[in-house]
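Student: Numbering of the sequence shown is given in the numbering used here, commencing with residue 186 and proceeding in unit increments.
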Amino acid sequence: MNILITGAAGFIGSHLARNLIWRGDNVIGLDNFNDYYPRKCKEFNVDLVHLSANQGSKIFPQEELGPVYDKLLSYNNKTTQNTPQSTPGTFHFHEADITNLDQLKEIFQNHKIDAIIHLAAMAGVPMSTKNPLLYTKVNVQGTTNLLTLTTDKQKENKNPIKFLFASSSSVYGHREKENFFVTEQDDITKARSVYGATKVAGEVLCHSFHTSFNLKVANIRIFGPIYGPLQRPFGMLHQRAINYTHNNKTLQIYGRDGLKTAKDATYIEDEVKGIIQILDSDFNYEIYNIGTQNPLPIKHWLECIKKAFEKQDSLNPKELKIEIVEADKADVASSADISKAKKLLNYEPTTSMQEGINRQVEVFNLMPKWYKEMQDV
Ligand SMILES: NC(=O)c1ccc[n+]([C@@H]2O[C@H](COP(=O)([O-])OP(=O)(O)OC[C@H]3O[C@@H](n4cnc5c(N)ncnc54)[C@H](O)[C@@H]3O)[C@@H](O)[C@H]2O)c1
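#1: Out of Thr336, Thr536, Ala403, state which residue places its alpha-carbon closest to the alpha-carbon of Phe350.
#2: Judging by CA-CA distance, which residue of Val367, Glu456, Thr430 is the nearest neighbour of Ile407?
#3: Answer yes or no: the CB of Thr335 versus the heavy atoms of ligand 3, is any distance below 8 Å?
#4: Given a cut-off of 9 Å, decide if His200 and Ile453 are closer than it, judged by their beta-carbon atoms.
#5: Going by C-alpha to C-alpha distance, which of His279, Lys528, Gly476 sits closest to Ser519?
#6: Considering only the alpha carbon of each residue, which of Lys347, Asn342, Lys343, Leu319 lies closest to Leu331?
#7: From Phe549 to Gly198, what does the alpha carbon distance come to, in whole angstroms?
#8: Check Ser520 in the structure and name its three-state DSSP category.
#9: Closer than 8 Å: is that where the CB of Arg425 sits relative to any heavy atom of ligand 1?
#10: Given the structure, does Pro410 come close to ligand 1, in the sense that its CB is under 8 Å from one of the ligand's heavy atoms?
#11: Who are the Cβ neighbours of Gln416 in its own chain at under 8 Å, not counting the five residues just before and after it?
#12: So, under 8 Å CB-CB, Lys445 and Pro480 are touching, yes? Tell me the CB distance rounded to an integer number of Å.
#13: Please list, in chain order, all residues of the same chain as Tyr532 whose beta carbon is under 6 Å from its beta carbon, the five residues on each side excluded.
#14: Is DSSP giving Thr374 helix, strand or coil here?
#15: Assuming Leu289 and Leu334 make a contact with CB atoms under 8 Å, what is their CB distance in whole Å?
#16: Cα-Cα, which of Asn324, Ala515, Phe293, Ser353 is closest to Ile405?
#17: Just the Cα atoms here: how many angstroms apart are Asn204 and His392?
#18: DSSP beta-bridge partners for Ser353?
#19: Should the segment 336-343 be regarded as contacting the segment 307-322, the criterion being three or more beta carbon pairs within less than 8 Å?
#20: Helix, strand or coil: which one does DSSP assign to Gly387?
#21: How would you call Asn364, buried or exposed, if buried means at least 16 neighbouring beta carbons within 10 angstroms?
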């Protein structure tokens with residue numbers, strides 16, 4: 186299959202691209218390297234994808250990339266089992282912005298596309314409160330640009346293109362204990378954050394392109410935080426706690442129930458496995474929750490991080506200092522009911538949080554100094 190991944194330099198996009206290339210798919214990646222977190226991290230991700238397509242590194246020295254790549258491959262064999270084929274797929278990367286229609290048109294004209302996995306977005310809740318205009322421009326207008334070019338191309342070539350949209354658990358708003366588990370049929374009109382609202386808008390736009398233009402659409406409600414090696418290094422509690430433990434800084438926690446706040450954190454390769462199962466399935470219009478259905482308290486996340494540090498001789502297992510601060514009004518919690526994905530896709534998350542965090546810390550330890558000592562995470 187020829188698959189366009191938007192946001193391919195990001196956390197989920199680069200893991201997904203590697204998996205697809207390993208199993209023999211051709212990936213076209215696009216990303217604008219926005220400054221939400223350092224460009225260097227995204228270039229590192231892209232270079233790791235180049236390695237999976239046997240294209241060699243473009244920016245970073247092999248001695249920095251190689252050990253990380255080998256580790257990721259070894260975990261991957263255990264989780265998604267998309268082991269490298271003797272001939273992996275190809276990778277073409279374009280630096281482009283989804284809000285720039287001309288840049289997108291060029292990519293659509295130059296590549297055969299059977300499916301689009303649309304991950305490019307302004308992600309993260311707190312920043313969306315500060316930048317509503319940017320969030321709507323990228324997440325709503327950018328998504329409309331892609332949907333328009335996809336349906337144009339589909340019409341022109343008379344070939345169906347599958348469109349998978351990365352939505353989010355934040356479309357469900359906040360859930361209290363008595364209705365904590367959400368199903369795909371539940372109300373999505375109560376988003377609390379601008380970010381969540383842009384994901385609702387994206388889903389509805391996808392639905393309208395399905396009904397008006399026969400586009401095959403899957404809206405994937407990703408239950409984050411997605412964690413694991415090379416986690417998005419800004420605003421994500423696991424990565425921040427790992428960085429702050431290493432750099433001996435105080436971690437602020439604003440979950441509404443402090444350390445008892447429980448969320449459906451999903452390990453990256455389990456999330457990727459779910460997305461690929463959707464890609465491979467036959468759909469006209471579907472919505473899927475892809476999470477764990479096993480919400481764990483933040484206290485447990487931090488205990489796993491402490492244990493993972495203790496396993497690494499060369500890391501300094503300092504006691505992480507924490508401070509509980511007032512909850513962000515836009516912060517929400519819920520957990521996925523994943524029965525639909527289990528039944529229709531055979532989806533089953535298999536990585537325990539301890540195992541997932543061990544891997545995240547192991548890769549952190551292999552990363553260069555600039556990454557380990559990164560500020561503003
Ligand atoms: N990570 C999670 O916990 C989580 C949870 C729910 C949903 N999601 C969704 O999954 C997707 C990927 O998230 P991620 O964690 O990999 O985030 P990420 O920030 O690492 O990846 C997103 C990528 O999109 C790119 N991008 C942003 N604006 C763009 C634009 N205008 N044009 C082209 N590229 C652009 C960024 O440069 C980045 O590399 C996002 O849509 C996010 O909303 C993520």
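Even for Gly, the Cβ is constructed at its ideal location relative to N, Cα and C.
Note that this is a predicted model, so its numbers are computed, not measured.
Tutor: Let me spell this out:
#1: Ala403
#2: Glu456
#3: As presented, the structure is devoid of ligand 3, carrying ligand 1 as its sole ligands.
#4: Taking 9 Å as the Cβ cut-off, Ile453 and His200 qualify as a contacting pair.
#5: Gly476
#6: When only C-alpha atoms are compared, the closest one is Lys347.
#7: 19 Å
#8: strand
#9: no
#10: Pro410 Cβ: within cutoff of ligand 1.
#11: Phe196, Pro410, His423, Gln424, Ile453, Gln545
#12: That belief does not hold up - the Cβ atoms of Lys445 and Pro480 are roughly 11 Å apart, past 8 Å.
#13: Gly459, Gln462, Ala526
#14: coil
#15: 6 Å
#16: Comparing Cα-Cα distances from Ile405 to each of Asn324, Ala515, Phe293, Ser353, the minimum goes to Ser353.
#17: 28 Å
#18: Ile407
#19: Touching, no, given that fewer than three Cβ pairs across the two stretches are closer than 8 Å.
#20: helix
#21: exposed
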